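The listed protein sequences correspond, in order, to chains A and B. Heads up: the first sequence at position 81 corresponds to 81 in this note's numbering, and the numbers run straight through without jumps. Every number in this note's numbering is 346 more than the matching position in the second sequence, counting from 1. Every residue, glycine too, gets a C-beta built ideally from N, C-alpha and C. These numbers come from a predicted model, not from an experiment. This report refers to the structure that appears directly beneath it.
Protein chains: 2
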Amino acid sequence: MNNTENKGTPIGEYGKFGLIEHLAKKVIIGNNSTVSGIGDDSAVIESGENLTLVSTDLFLEGIHFNLIYTPLKHLGYKAVVRGISDIYAMNGTPGQILIALGISSKFSVEQVEELYEGINLACEKYKVDLVGGDTTSSLTGLTIGITALGIVEKESLIKRNGAGANDLICVTGDFGAAFMGLQLLERERKLFEKEKVAQPDLSGFEYAIGRQLKPEFPVATLIELRKAGIRPTSMIDVSDGLASDLIHICKLSGTCCRIFSNKIPIDYETSKLSEEFNIDPVIPAMNGGEDYELLFTIPLDSFEKIKQIESVKVIGHMTSPGTGNFLVGDGGSEVEISAQGWIKAK
Amino acid sequence: MNNTENKGTPIGEYGKFGLIEHLAKKVIIGNNSTVSGIGDDSAVIESGENLTLVSTDLFLEGIHFNLIYTPLKHLGYKAVVRGISDIYAMNGTPGQILIALGISSKFSVEQVEELYEGINLACEKYKVDLVGGDTTSSLTGLTIGITALGIVEKESLIKRNGAGANDLICVTGDFGAAFMGLQLLERERKLFEKEKVAQPDLSGFEYAIGRQLKPEFPVATLIELRKAGIRPTSMIDVSDGLASDLIHICKLSGTCCRIFSNKIPIDYETSKLSEEFNIDPVIPAMNGGEDYELLFTIPLDSFEKIKQIESVKVIGHMTSPGTGNFLVGDGGSEVEISAQGWIKAK
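Below, the structure is given as structure tokens:
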């Protein structure tokens with residue numbers, strides 16, 4: 001009458017992605033309507049002329065957010081952005097979301113309203129409808145489950161597995177800011193708790209903090225790509241970290257990669273914060289996560305076209321299988337890229 | 347820098363359904379593809395010739411299950427049944443599920459595998475594909491988010507709001523067993539913790555315990571109804587409790603109801619356990635929840651047809667608006683039915 005004792009293999013030995021892969025092996029797909037399942041940003045389901053995309057994510061208090069410095073309105077907004085970014089990453093258009101909430105008794109109705117204000121705001125901005133969910137009590141703070149649905153025309157679907165050797169690796173926006181914003185918020189929280197400094201000093205880092213608390217998704221770039229006639233061969237949203245998400249694409253596409261550290265877009269605030277925290281800014285840029293940017297590959301012959309799109313940067317290229325995945329430094333030094341992404345409690 | 351203090355309205359004042367209703371007021375539906383949103387078992391989305399149904403639920407350790415007496419395999423199975431029952435309740439056919447897991451470090455890989463064994467078993471039984479999800483670490487035990495998708499032909503959709511006055515109120519299966527099974531498991535757990543009795547005494551109550559730990563959904567009845575040409579005017583799956591779920595239908599349909607306590611199907615084990623626990627078996631049958639049975643209404647003129655279907659019992663009828671919702675006792679006494687359903691920590 002007791003199965004809570006842990007006698008077996010620690011989950012850490014597999015890591016997040018290893019565990020999913022391990023479990024996915026035993027999954028059998030039986031329905032004709034299932035186009036593809038585990039392993040991409042969203043699941044793909046046949047529905048008439050189009051494909052339905054669906055993805056689900058969990059947001060757990062203490063793991064994904066700390067309410068000490070996260071306004072509930074921002075949290076609601078961010079949860080929606082996280083959900084719909086999985087739909088955009090398949091080149092789809094999100095249409096609906098569902099929110100499942102676990103709420104402990106420490107929350108008031110007004111606080112839940114604040115959370116929903118953010119949810120509704122993001123829904124309005126990204127033109128998605130909140131169509132359902134679940135609400136339950138919780139013993140342990142706030143749990144948010146977000147499910148996003150969207151559609152994509154069959155010929156427009158972009159998966160993670162389509163990159164070829166020599167394809168260019170492209171990104172939108174910049175990297176590491178959300179992570180450094182979090183480090184700053186954490187530092188100020190600790191000061192607040194220790195010395196009861198009432199007013200945290202966050203000035204000069206509004207961008208990094210904004211990236212952490214209220215991210216946006218680069219929808220405009222997707223439209224620009226379509227207009228320019230550029231069709232990515234693979235695509236993913238960067239939520240786990242540039243390194244992890246790039247490795248996903250390589251693994252599923254059967255390619256390797258070279259990216260160049262001086263090509264990775266890093267904001268001034270990220271650099272400045274990295275200096276304060278005494279780390280190389282390439283580290284948060286590669287492994288920080290929560291960037292909600294697009295990472296995609298395009299055929300080499302689209303290079304002239306992609307140069308015209310200001311919001312996109314080419315950071316490297318795919319290589320043949322077996323050549324390893326490397327980050328090339330300024331002096332030509334090569335560091336092997338490894339997937340992380342098991343989100344640790346901060 | 348602190349928004350975790352609770353100064354506002356306690357959530358308990360609204361209750362689960364009140365809160366959802368309150369929050370739903372501010373939700374704006376903007377997309378043409380959204381057929382209907384919050385307020386039914388699933389959301390309904392236009393997709394070609396058919397409708398896509400989607401629902402999401404949270405399962406939280408300590409609220410929805412206690413791992414002391416819940417085998418992980420059963421838990422996985424139950425989570426799937428809970429998810430797909432929302433699709434069946436709209437007269438749809440479930441096709442896919444997504445599982446989002448929050449796992450604390452106390453769990454081993456083998457335990458997660460056990461959970462997935464149950465998930466896969468239920469998927470096989472109910473012919474649904476596991477197509478995706480999310481896995482994250484958790485500070486606080488096991489969190490399961492389950493999203494279910496299905497389809498239904500437009501003309502076959504059955505919602506909660508279609509009941510009319512004089513319609514017959516029908517149910518499948520029996521009620522209260524899952525709740526009484528839980529009471530028994532809880533009693534034995536307490537004995538185990540207090541007196542270290544190693545072997546819980548559960549003999550004679552296998553049915554009630556099975557209903558709690560590994561419920562099934564009455565899919566066969568849905569097929570029988572179709573074959574018999576009976577078209578329910580409204581339908582819901584009974585997960586929150588017969589009383590709550592009946593009130594939902596009444597509220598959304600604009601009807602009131604009379605049900606008869608001696609017509610409510612109650613299993614022998616439920617009665618026997620109720621006796622042991624010294625409560626009227628009608629109480630768990632009405633308010634226990636987790637029955638995963640169907641509650642539906644049919645036009646009065648389908649009475650002769652429904653009598654032929656053994657798995658369905660008529661428990662009462664709808665009445666005109668304003669006449670109140672009552673449970674009629676053996677002697678003709680009337681007790682007003684009220685919706686509960688804010689699941690309390692056991």
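{"Asked": "Measure from the alpha carbon of Thr402(B) to the alpha carbon of each residue in Gly364(B), Tyr423(B), Ile443(B) and Thr567(B), then state which is nearest.", "Found": "Ile443(B)"}
{"Asked": "Is the region 472 to 480 of chain B touching the region 444 to 457 of chain B, taking contact as three or more C-beta pairs under 8 angstroms?", "Found": "yes"}
{"Asked": "Could you check which residue in Asp86(A), Ser137(A), Lys154(A) and Asp201(A) has the C-alpha nearest to that of Thr147(A)?", "Found": "Asp86(A)"}
{"Asked": "Please list the partners that Asn377(B) has in chain D, where partner means a Cβ-to-Cβ separation under 8 angstroms.", "Found": "In the displayed structure, chain D is absent; the protein chains listed are A and B."}
{"Asked": "Taking all protein chains shown into account, do 16 or more other C-beta atoms lie within 10 angstroms of the C-beta of Pro284(A), making it buried, or fewer, making it exposed?", "Found": "buried"}
{"Asked": "Got a sec, what are the start and stop residues for the alpha helix (DSSP H) Pro630(B) sits in?", "Found": "Val628 to Asn633"}
{"Asked": "For chain B, check one thing: does any of its Cβ atoms lie closer than 7 angstroms to the Cβ of Ala89(A)?", "Found": "no"}
{"Asked": "Hey, out of Leu503(B), Leu531(B), Thr643(B) and Gly556(B), whose CA is closest to Cys602(B)'s CA?", "Found": "Thr643(B)"}
{"Asked": "Would you report the Cα separation of Gly48(A) and Met180(A), rounded to the nearest angstrom?", "Found": "44 angstroms"}
{"Asked": "Distance check for Leu461(B) and Gly12(A), CA to CA, integer angstroms please.", "Found": "17 angstroms"}
{"Asked": "By the DSSP assignment, the beta strand (DSSP E) with Leu58(A) in it spans what residues?", "Found": "Asn50 to Leu60"}
{"Asked": "How far does the beta strand (DSSP E) with Glu293(A) in it extend, from its first residue to its last?", "Found": "Glu293 to Ile298"}
{"Asked": "Return the CA-CA distance between Glu682(B) and Ile661(B), expressed in angstroms with no decimal places.", "Found": "16 angstroms"}
{"Asked": "For Arg82(A), is the classification buried or exposed, using 16 other Cβ atoms within 10 angstroms of its Cβ as the cut-off for buried?", "Found": "buried"}
{"Asked": "Does the beta-carbon of Ser274(A) have 16 or more other beta-carbons within 10 angstroms, so that it is buried, or is it exposed?", "Found": "buried"}
{"Asked": "Establish whether the CB of Gly210(A) and some CB of chain B are separated by less than 7 angstroms.", "Found": "no"}
{"Asked": "What is the residue span of the alpha helix (DSSP H) that Val171(A) lies within?", "Found": "No alpha helix (DSSP H) contains Val171(A), which is instead part of the beta strand (DSSP E) from Leu168 to Thr172."}
{"Asked": "Strictly by DSSP, which residues pair up with Gln199(A)?", "Found": "BP columns for Gln199(A) are empty, so no partner."}
{"Asked": "Output, in chain order, the set of chain A residues within a Cβ distance shorter than 7 angstroms of Asp480(B).", "Found": "Thr56, Asp57 and Leu58"}
{"Asked": "Put Arg506(B) into one of helix, strand or coil per three-state DSSP.", "Found": "coil"}
{"Asked": "What are the residues that DSSP puts in a beta bridge with Asp40(A)?", "Found": "DSSP, once it has assigned bridges, lists no residue as partnering Asp40(A)."}
{"Asked": "Any beta-carbon of chain B closer than 7 angstroms to the one on Thr255(A)?", "Found": "no"}
{"Asked": "Using beta carbons (cut-off 7 angstroms, strictly below), is Ser234(A) in contact with chain B?", "Found": "no"}
{"Asked": "Alpha carbon to alpha carbon, what distance is there between Asp240(A) and Gly634(B)?", "Found": "41 angstroms"}
{"Asked": "What is the C-beta distance between Glu615(B) and Ala524(B), in whole angstroms, given that I count them as a contact (C-beta under 8 angstroms)?", "Found": "The Cβ separation is near 11 angstroms, so there is no contact."}
{"Asked": "Of all the options Leu559(B), Thr665(B), Pro356(B) and Gly678(B), which has the alpha carbon lying nearest to the alpha carbon of Ser104(A)?", "Found": "Pro356(B)"}
{"Asked": "Starting from the beta carbon of Lys372(B), find every residue of chain A whose beta carbon is closer than 9 angstroms, and list them in chain order.", "Found": "Glu113, Tyr116, Glu117 and Asn120"}
{"Asked": "Give the straight-line distance between the Cα atoms of Glu195(A) and Arg189(A), rounded to the nearest whole angstrom.", "Found": "10 angstroms"}
{"Asked": "Tell me whether Asn466(B) is buried or exposed, calling it buried when 16 or more other Cβ atoms sit within 10 Å of its Cβ.", "Found": "buried"}
{"Asked": "Measuring from the CB of Tyr207(A), is there a heavy atom of the ligand NAD at a distance below 6 angstroms?", "Found": "Although the ligand NAD was asked about, the structure shown includes no ligands whatsoever."}
{"Asked": "Since Thr493(B) sits in a beta bridge, which residues does DSSP pair it with?", "Found": "Thr402(B) and Leu444(B)"}
{"Asked": "Give me the Cα-Cα distance between Ile689(B) and Gly102(A), rounded to the nearest whole angstrom.", "Found": "Low per-residue confidence applies at Ile689(B): pLDDT is 30, beneath 50, and the placement is therefore not dependable, though the value from the model is reported in the following sentence. Computed Cα separation, rounded: 11 angstroms."}
{"Asked": "Classify Arg572(B): buried if its beta carbon has 16 or more other beta carbons within 10 angstroms, exposed otherwise.", "Found": "exposed"}
{"Asked": "The beta strand (DSSP E) spanning Glu304(A) covers which residue range?", "Found": "Run containing Glu304(A): none in the beta strand (DSSP E); it sits in the alpha helix (DSSP H), Phe303 to Lys307."}
{"Asked": "Should the region 157 to 170 of chain A be regarded as contacting the region 397 to 412 of chain B, the criterion being three or more beta carbon pairs within less than 8 angstroms?", "Found": "no"}
{"Asked": "Taking its Cβ as the centre, do 16 or more other Cβ atoms sit within 10 Å of Gln212(A), making it buried, or is it exposed?", "Found": "buried"}
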